Amino acid sequence: MTPPADSYGLGPRHRTSLFAESVKDVRISFEFFPPKTEAMERTLWESIKTLEPLDPAFVSVTYGAGGSTRERTHNTVKRILTDTALKPAAHLTCVNATREEVDAVIRDYKEAGVNHIVALRGDPPEGAKKYEAHPGGYANAAELVAGIRAIGDFEISVGAYPEKHPDSPTLAADLDNLKRKIDAGATRAITQFFFDAEQYFRFLDHCQSYGINVPIVPGILPVTNFKSLKGFAGACGASVPAWLGELFEGLDERPQTRALVAATVAGELCRRLYAGGVRDFHFYTLNRAELTFAVCHMLGHRAPAQQGVIA
293 MTPPADSYGL GPRHRTSLFA ESVKDVRISF EFFPPKTEAM ERTLWESIKT
343 LEPLDPAFVS VTYGAGGSTR ERTHNTVKRI LTDTALKPAA HLTCVNATRE
393 EVDAVIRDYK EAGVNHIVAL RGDPPEGAKK YEAHPGGYAN AAELVAGIRA
443 IGDFEISVGA YPEKHPDSPT LAADLDNLKR KIDAGATRAI TQFFFDAEQY
493 FRFLDHCQSY GINVPIVPGI LPVTNFKSLK GFAGACGASV PAWLGELFEG
543 LDERPQTRAL VAATVAGELC RRLYAGGVRD FHFYTLNRAE LTFAVCHMLG
593 HRAPAQQGVI A
């Protein structure tokens with residue numbers, strides 16, 4: 293008999309095969325970002341419709357640096373709520389807004405039927421060298437979580453950083469901050485992307501030692517463009533292993549080969565995580581569905597018509 297998953301969404305550890313017993317125990321979620329142009333909007337909704345049949349636990353919509361996509365985020369979340377069967381989670385940050393303004397957004401989501409918020413401190417506005425709390429605003433994500441919890445019974449996800457947030461002086465300080473967010477009422481943490489499964493498992497051990505007992509869901513980024521990846525990683529403090537760069541070397545003009553390599557890398561990472569007991573996976577889609585769809589397929593998580601015995 294398979295033991296029940298623990299509070300981290302983990303099943304039995306150290307499995308040797310990706311599908312040792314069942315593929316029906318995987319839970320997935322997706323992240324999208326609000327579109328800036330009509331062409332990007334078409335791409336977004338094509339991606340949403342492609343991934344919708346996979347029946348994710350939820351889909352999140354990001355909030356631009358400095359709150360720059362606030363209205364687009366709200367509109368995208370509400371359209372997902374009304375035009376699809378998906379459960380949207382709205383990103384919300386502390387940047388460039390007073391508490392009253394943020395609280396009004398929270399109440400608006402509550403009235404619209406959105407019951408899941410991803411609470412983040414947020415990045416500095418464009419041109420700013422470092423984050424500074426808005427006068428009269430929430431100072432950090434822990435305060436924002438407490439504010440959300442005071443308004444309604446939301447599901448609240450927060451960010452977690454296996455290699456620590458770039459603004460944190462030490463991993464210990466970053467874990468203290470994560471603990472404050474959980475103690476304030478967060479129900480889940482989603483990690484920044486990473487490429488080493490052992491790094492994630494070491495982070496889980498650190499979280500357990502700090503008494504952090506909510507699910508810590510790994511964030512998976514299927515690499516669509518290696519040059520862009522290096523920019524993302526530099527901004528969020530994630531390391532990019534040398535072997536990954538070597539895999540993509542010479543493929544700039546070969547998009548189909550890049551996609552094959554990207555799916556293989558992400559699929560292997562998910563295989564290692566699954567073998568270690570992970571059952572929840574959050575995919576950073578970058579509004580591109582096919583890579584994420586392929587990795588979910590390899591995980592055995594498929595649309596109902598595709599379900600079947602795997603040889």
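Position 12, counted from 1, in the sequence shown is what this note's numbering calls 304; the numbers after and before it change by one each time, with no gaps.
From the three backbone atoms N, C-alpha and C, an ideal C-beta is built for every residue, glycine too.
Computed from a predicted structure; not experimentally measured.
{"Item": "For Met-332, does the count of other Cβ atoms within 10 angstroms reach 16, so buried, or fall short, so exposed?", "Value": "exposed"}
{"Item": "Assuming Leu-412 contacts Gly-451 (C-beta within less than 8 angstroms), just tell me the rounded distance between them.", "Value": "6 angstroms"}
{"Item": "Shorter than 8 angstroms from the beta carbon of Arg-563 to some beta carbon of chain D?", "Value": "No chain D appears in the structure shown, which is made up of a single protein chain."}
{"Item": "Go through the stretch 347-416 residue by residue and report every complete run of the beta strand (DSSP E) that reaches 3 residues or more, in order.", "Value": "350-353, 380-385 and 408-412"}
{"Item": "With DSSP as the reference, please indicate the residues paired to Asp-572 in a beta bridge.", "Value": "Arg-319"}
{"Item": "According to DSSP, Ala-425 sits in a beta bridge with which residue or residues?", "Value": "DSSP output for Ala-425 lists no bridge partner at all."}
{"Item": "Going by beta carbon distance, what residues of the same chain come within less than 6 angstroms of Ile-398, once the five residues before and after it are set aside?", "Value": "Ile-440 and Ile-443"}
{"Item": "Taking the alpha helix (DSSP H) that Thr-549 falls in, what are its first and last residues?", "Value": "547-567"}
{"Item": "Taking just the CA atoms, how far does Tyr-423 sit from Leu-552?", "Value": "38 angstroms"}
{"Item": "Smallest Cα separation from Asn-579: which of Ala-481, Glu-338 and Val-587?", "Value": "Glu-338"}
{"Item": "Expressed to the nearest angstrom, what Euclidean distance is found between the alpha-carbon atoms of Pro-507 and Glu-582?", "Value": "27 angstroms"}
{"Item": "Output the distance between the C-alpha atoms of His-383 and Arg-319, rounded to the nearest integer angstrom.", "Value": "20 angstroms"}
{"Item": "Answer yes or no: do Pro-454 and Thr-483 have a C-beta to C-beta separation smaller than 8 angstroms?", "Value": "yes"}
{"Item": "If we count the other Cβ atoms within 10 Å of its Cβ and call it buried at 16 or more, is Asp-572 buried or exposed?", "Value": "buried"}
{"Item": "For Ala-581, which of helix, strand or coil comes out of DSSP?", "Value": "helix"}
{"Item": "Rank Gly-529, Ile-512, Asp-544 and Cys-528 by C-alpha distance to the C-alpha of Lys-519 and give the top, closest one.", "Value": "Asp-544"}
{"Item": "Roughly how far, in whole angstroms, is the beta-carbon of Val-406 from the beta-carbon of Leu-378, given that I think they are within contact range, below 8 angstroms?", "Value": "The pair is not a contact, with the Cβ atoms about 11 angstroms apart (cut-off 8 angstroms)."}
{"Item": "Given that a residue counts as buried once 16 or more other Cβ atoms are within 10 Å of its Cβ, and exposed if not, what is Ala-389?", "Value": "buried"}
{"Item": "Under 8 angstroms, do Ala-558 and Val-532 count as touching if we go by C-beta distance?", "Value": "no"}
{"Item": "Given a cut-off of 8 angstroms on the beta-carbon distance, is the pair Val-410 and Ala-381 in contact?", "Value": "yes"}
{"Item": "Hey, out of Glu-344, Phe-324 and Thr-342, whose CA is closest to His-366's CA?", "Value": "Phe-324"}
{"Item": "Quick one: what's got a C-beta closer than 7 angstroms to Gly-511's C-beta in the same chain, skipping five residues either side?", "Value": "Ile-482, Thr-483, Gln-484, Phe-485, His-574 and Tyr-576"}
{"Item": "Does Thr-483 come out as helix, strand or coil in the three-state DSSP assignment?", "Value": "strand"}
{"Item": "Going by CA-CA distance only, name the one from Glu-393, Ala-396 and Pro-326 that's closest to Val-369.", "Value": "Pro-326"}
{"Item": "In angstroms with no decimal places, state the Cα-to-Cα distance between Pro-596 and Met-590.", "Value": "15 angstroms"}
{"Item": "With Glu-447 as the anchor, note down where its alpha helix (DSSP H) starts and where it stops.", "Value": "It is not in any alpha helix (DSSP H) - Glu-447 instead sits in the beta strand (DSSP E) that spans 447-452."}
{"Item": "When the Cα atoms are used, what is the spatial distance from Val-387 to Gly-568?", "Value": "37 angstroms"}
{"Item": "Report the option in Val-353, Thr-354 and Ser-321 whose CA atom is closest to the CA atom of Glu-344.", "Value": "Ser-321"}
{"Item": "Any heavy atom of the ligand PLP within a distance shorter than 7 angstroms of the CB on Glu-403?", "Value": "For the ligand PLP, the structure offers nothing, since it holds no ligand at all."}
{"Item": "What are the boundary residues of the alpha helix (DSSP H) that includes Thr-537?", "Value": "As written in the sequence, residue 537 is Gly, which differs from the Thr given in the question. Segment 534-540, the alpha helix (DSSP H) holding Gly-537."}
{"Item": "So, for Glu-330: in the same chain, excluding its five sequence neighbours on each side, which residues have a beta-carbon less than 6 angstroms away from its beta-carbon?", "Value": "none"}
{"Item": "Cβ of Arg-546 within 8 angstroms of Cβ of Val-509?", "Value": "no"}
{"Item": "Report the residue from Ile-340, Pro-461, Glu-435 and Gln-500 whose alpha carbon sits nearest the alpha carbon of Lys-473.", "Value": "Glu-435"}
{"Item": "Using the Cα positions of Gly-523 and Ser-501, report the straight-line distance between them to the nearest angstrom.", "Value": "32 angstroms"}
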